[in-house]
């Protein structure tokens, strides 16, 4: 049984005439009759009652007619379904992101993708860079949004954007009245640093920034994620150097001040497995960012 036979049967069942059905499906009547007979033989049931004057459906034929119409209707939509999948308009996309990206333009990026591809099921997970790297390798996520470039032969990365740094100070800090501060002016402060184990790249970058300013930071606490770092500043544990986007996290007893005398920036990257041929991933990577 194939779709062609079903279309022949539906034509006969709706026209209740082999001659009219033959004209409708553009074949002569003898081969049409043979195809219907073959269908009945394959199904093991009489579908049509034939006489010299009329054609009528049997109970089995009536049951098949309803199912055949449904199958034929579904089949006409197959090219569109396949086409949408090949264009990345359906399917799923699994995204990992480091928590601090929630304060950047990344939420707008995800919103843009949802508008462009509303039929793609998008799932997002907050993950460390190390965890994203493992999950990308194991094909557990399709794309990662990370705050450092990872060098692996199987991993592709692309710079997403860069941002500078600010000082996060307790509200009663001695420099709270200044709009801009230098790293040198913070040399005697206690520092809350990002965890070396969870955010090694930015931890090392901040350490080198302080050393370039002429001092080694006195780190009294390491923490992760970045919101926890800011929370410790609010608690008076110390000061912190944070990405500019963190000023969107308005927390009581914390002031953000611009840094003078440094052009250092932290960088975001998209990361994906080079072997991932998902069209939904391709659509995400092809967006204007």
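Numbering (this note's numbering), first residue to last: 140 to 428. By construction, the Cβ of each residue, glycine as well, lies at the ideal position given by its N, Cα and C atoms.
With respect to residue 154, residue 143 sits apart: the two C-beta atoms are not nearer than 8 Å. For the region 192-274, the continuous beta strand (DSSP E) assignments of 3+ residues that do not extend past its boundaries occur at 194-196, 230-236 and 259-265, in sequence order. In the DSSP assignment, residue 422 falls within the unbroken alpha helix (DSSP H) covering 418-424.
Within the region 360-401, complete alpha helix (DSSP H) segments of at least 4 residues are found at 365-373, given in chain order. The criterion of a C-beta distance shorter than 8 Å is not satisfied by residue 232 and residue 149.
About 56 Å separates the CB atoms of residue 198 and residue 235; that is not less than 8 Å, and the two are not in contact.
When the Cα atoms are used, residue 311 and residue 392 turn out to be separated by approximately 8 Å. Around the beta-carbon of residue 188, fewer than 16 other beta-carbon atoms lie within 10 Å, marking it exposed. Around the beta carbon of residue 377, a 10 Å sphere encloses 16 or more other beta carbons of the protein chains shown; the residue is thus reported as buried.
In summary, residue 412 is buried, with 16 or more beta-carbon neighbours lying within 10 Å of its beta-carbon over all protein chains present.
Here residue 304 is actually not in contact with residue 420; their C-beta atoms are around 31 Å apart, not less than 8 Å. Taking the Cα of residue 327 as reference, the smallest distance to any Cα among 371, 379, 368 and 279 is reached at 379. For residue 157, the three-state secondary structure derived from DSSP is helix.
A direct Cα-to-Cα measurement between residue 180 and residue 215 gives close to 26 Å. For residue 173, the enclosing alpha helix (DSSP H) starts and ends at 168-182. When the Cα atoms are used, residue 307 and residue 346 turn out to be separated by approximately 16 Å. With contacts defined by Cβ atoms closer than 8 Å, residue 410 and residue 296 form a contacting pair.
One alpha carbon belongs to residue 140, the other to residue 284, and they sit about 50 Å apart. Here residue 299 carries a strand assignment [DSSP, helix/strand/coil].
Between residue 407 and residue 290, the beta carbon gap of about 16 Å keeps them out of contact (Cβ cut-off 8 Å). When the alpha-carbon of residue 360 is set against those of 354, 372 and 353, the nearest one is in 372.
Exclusion of the five residues before and after residue 280 leaves 233, 235 and 274 as the residues of its chain whose Cβ lies within less than 6 Å of its Cβ. DSSP places residue 351 in the uninterrupted alpha helix (DSSP H) bounded by 339-351.
The Cβ neighbour count for residue 170, taken over all protein chains shown within 10 Å, is under 16; the residue is labelled exposed.
If you look at residue 309, you'll find it in the beta strand (DSSP E) that goes 304-309. In this structure, 186 is the residue among 257, 186 and 316 with its C-alpha nearest to the C-alpha of residue 202.
The alpha-carbon separation between residue 230 and residue 287 amounts to approximately 29 Å. At the C-beta level, residue 176 and residue 168 stay beyond 8 Å of one another.
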